[in-house]
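Comments concern the structure below.
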Amino acid sequence: MTDPLNWTVQEDDGHAVVTVRGHLDLAGSPRLRTALLKCLAEQPDALLVELSAAEFADDTVFSLFTAVTRQAARWPGTPLLICAPAPEIAAMLGRGRYGRMPVYASVAEGRSAVADGRVVVPSISDQLLPIAGAVRHARNMATEACLRWNLPELVGPAALVTSELVSNAVEHAGTTITVEFKRRTRHLHVMVRDGSTGEPIPRDPGAEAMPGRGLMLVSKIALQWGWLPTRDGKVVWAALAVTP
Numbered sequence: 001m002t003d004p005l006n007w008t009v010q011e012d013d014g015h016a017v018v019t020v021r022g023h024l025d026l027a028g029s030p031r032l033r034t035a036l037l038k039c040l041a042e043q044p045d046a047l048l049v050e051l052s053a054a055e056f057a058d059d060t061v062f063s064l065f066t067a068v069t070r071q072a073a074r075w076p077g078t079p080l081l082i083c084a085p086a087p088e089i090a091a092m093l094g095r096g097r098y099g100r101m102p103v104y105a106s107v108a109e110g111r112s113a114v115a116d117g118r119v120v121v122p123s124i125s126d127q128l129l130p131i132a133g134a135v136r137h138a139r140n141m142a143t144e145a146c147l148r149w150n151l152p153e154l155v156g157p158a159a160l161v162t163s164e165l166v167s168n169a170v171e172h173a174g175t176t177i178t179v180e181f182k183r184r185t186r187h188l189h190v191m192v193r194d195g196s197t198g199e200p201i202p203r204d205p206g207a208e209a210m211p212g213r214g215l216m217l218v219s220k221i222a223l224q225w226g227w228l229p230t231r232d233g234k235v236v237w238a239a240l241a242v243t244p
């Protein structure tokens, strides 16, 4: 008899470590995927998934990790590391079919890879008060990020997207705001985190003085955008395409 699927989540020096136990099949994959996405919403430095105590129905369930890895690359730019799988599982995950995901022999080895820079995502972040000057400061941060990472073509789009997201947070959340930029190979991520649980809803830009009009603009400029609840509010994110 196989053990039922379960997992634990542990915070470890800015990382999230998810230890998966029991039998993982196609029926259980959506639940684990949701749990991993919730971890990403907290924007850890890295997401380490330990599989030493996991059993797999067949290799079709590995597509779960591919999907979460792709989502993590789009937002929030958090690297996902597979740790301590059985040798045959490690071999399968390292093949092109599954995108050659980073696989490490142990959680400790995965931590070391993050610590010594083998797995790193350049980022810029700051905390802002919900005042009018926050929008200007966030816009300057966007410009700094683009110039630092040699993305001059994104200065305008990133500044505009950031302005709209921070403006919404100032107006509707009224809490401390965290603004963060992350540089990935194909995307520039803009993340705005606040203490409100209210869902950001895009509105018709033709509606006069209607909240949410800025999100319509964000949806037109960004490659993709979205939001997720966090433990103490929400995070709204946008991904801008980096020109090869």
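Sequential numbering from 1 applies to the sequence shown in the UniProt record's numbering. In this text, a Cβ means the ideal position worked out from N, Cα and C, and glycines have one as well.
Subject >> Cβ contact check for the stretch 73 to 92 and the stretch 178 to 187: 3 or more pairs under 8 angstroms >> reply: Cβ pair count under 8 angstroms is three or more, so yes.
**OP:** Quick one: give me the first and last residue of the alpha helix (DSSP H) that residue 137 is part of.
**Re:** Counting from one through the sequence shown, the residue named residue 137 turns up at place 137. In the DSSP assignment, residue 137 falls within the unbroken alpha helix (DSSP H) covering 133 to 148.
Subject >> the stretch 162 to 174 contacting the stretch 45 to 62, beta-carbon criterion three pairs below 8 angstroms >> reply: Under the Cβ criterion (8 angstroms, minimum of three pairs), the stretch 162 to 174 does not count as touching the stretch 45 to 62.
Original post:
Based on Cα-Cα distance, which residue from 31, 6, 36, 27 lies nearest to residue 52?
Top reply: Here residue 52 is taken as the residue at index 52 of the sequence shown, counted from 1. It is 6 whose Cα lies nearest to the Cα of residue 52.
**OP:** Compute the distance between the beta-carbons of residue 18 and residue 49, then report whether it is under 7 angstroms.
**Re:** What you label residue 18 is simply residue 18 of the sequence shown in a count that begins at 1. What you label residue 49 is simply residue 49 of the sequence shown in a count that begins at 1. Cβ distance < 7 angstroms, so residue 18 and residue 49 count as in contact.
Original post:
Can you tell me where the beta strand (DSSP E) with residue 177 in it begins and where it stops?
Top reply: Reading the sequence shown from its first residue, position 177 is the one you call residue 177. Here the beta strand (DSSP E) through residue 177 covers 177 to 183.
Subject >> Assigned secondary structure, residue 124 (DSSP; H/G/I helix, E/B strand, else coil) >> reply: For the purposes of this step, residue 124 is taken as residue 124 along the sequence shown, with counting starting at 1. Note: residue 124 maps to strand in three-state DSSP.
Original post:
Which of the three DSSP states, helix, strand or coil, is assigned to residue 82?
Top reply: Walking along the sequence shown from the start, residue 82 turns up at place 82. It is a strand residue.
Subject >> Buried or exposed by the 16-neighbour rule on C-beta atoms within 10 Å, applied to residue 87 >> reply: Numbered from its first residue, the sequence shown carries residue 87 at position 87. Classification of residue 87: exposed, given that the 10 Å Cβ count is below 16.
Original post:
How do the stretch 159 to 169 and the stretch 128 to 140 stand: do at least 3 beta-carbon pairs fall below 8 angstroms, yes or no?
Top reply: At 8 angstroms Cβ cutoff, the stretches touch.
**OP:** Check whether the Cβ atoms of residue 229 and residue 215 lie closer than 7 angstroms to each other.
**Re:** For the purposes of this step, residue 229 is identified with residue 229 of the sequence shown, where counting begins at 1. For the purposes of this step, residue 215 is identified with residue 215 of the sequence shown, where counting begins at 1. No, they are not a contact pair.
Original post:
In whole angstroms, what is the alpha-carbon distance linking residue 28 and residue 152?
Top reply: On the sequence shown, position 28 is the one that residue 28 refers to. On the sequence shown, position 152 is the one that residue 152 refers to. Straight across, the Cα-Cα distance linking residue 28 with residue 152 is about 44 angstroms.
Subject >> Buried or exposed (CB count within 10 angstroms, at least 16 for buried), residue 77 >> reply: Taking the sequence shown and counting its residues from 1, one reaches residue 77 at position 77. Around the C-beta of residue 77, 16 or more other C-beta atoms lie within 10 Å, and the residue is accordingly described as buried.
Original post:
In three-state terms, what does DSSP make of residue 216?
Top reply: For this step, residue 216 is matched to residue 216 along the sequence shown. In the structure shown, residue 216 sits in a helix (DSSP, three-state: H, G or I).
**OP:** Apply the 10 Å Cβ neighbour rule to residue 117 and answer buried if 16 or more other Cβ atoms are within range, or exposed otherwise.
**Re:** Taking the sequence shown and counting its residues from 1, the one referred to as residue 117 is at position 117. With fewer than 16 other beta carbons inside 10 angstroms of its own, residue 117 counts as exposed.
Original post:
Roughly how many whole angstroms lie between the Cα atoms of residue 192 and residue 148?
Top reply: By one-based count along the sequence shown, residue 192 stands at place 192. By one-based count along the sequence shown, residue 148 stands at place 148. Their Cα atoms are separated by approximately 20 angstroms.
**OP:** Return the chain-ordered list of same chain residues with a C-beta closer than 6 angstroms to the C-beta of residue 155, the five sequence neighbours on each side being excluded.
**Re:** Translated into positions along the sequence shown, residue 155 becomes position 155. Taken in chain order, the residues that qualify are 143, 146.
**OP:** Taking residue 11 as part of the alpha helix (DSSP H), name the residues at either end of that continuous run.
**Re:** Locating residue 11 in the sequence shown gives position 11, counting from the first residue. Note, residue 11: premise wrong, no alpha helix (DSSP H); beta strand (DSSP E) at 6 to 12.
Subject >> Under 7 angstroms between C-beta atoms of residue 245 and residue 178 >> reply: Absent from the model: residue 245. The displayed extent of the chain is 1 to 244, so no value can be given.
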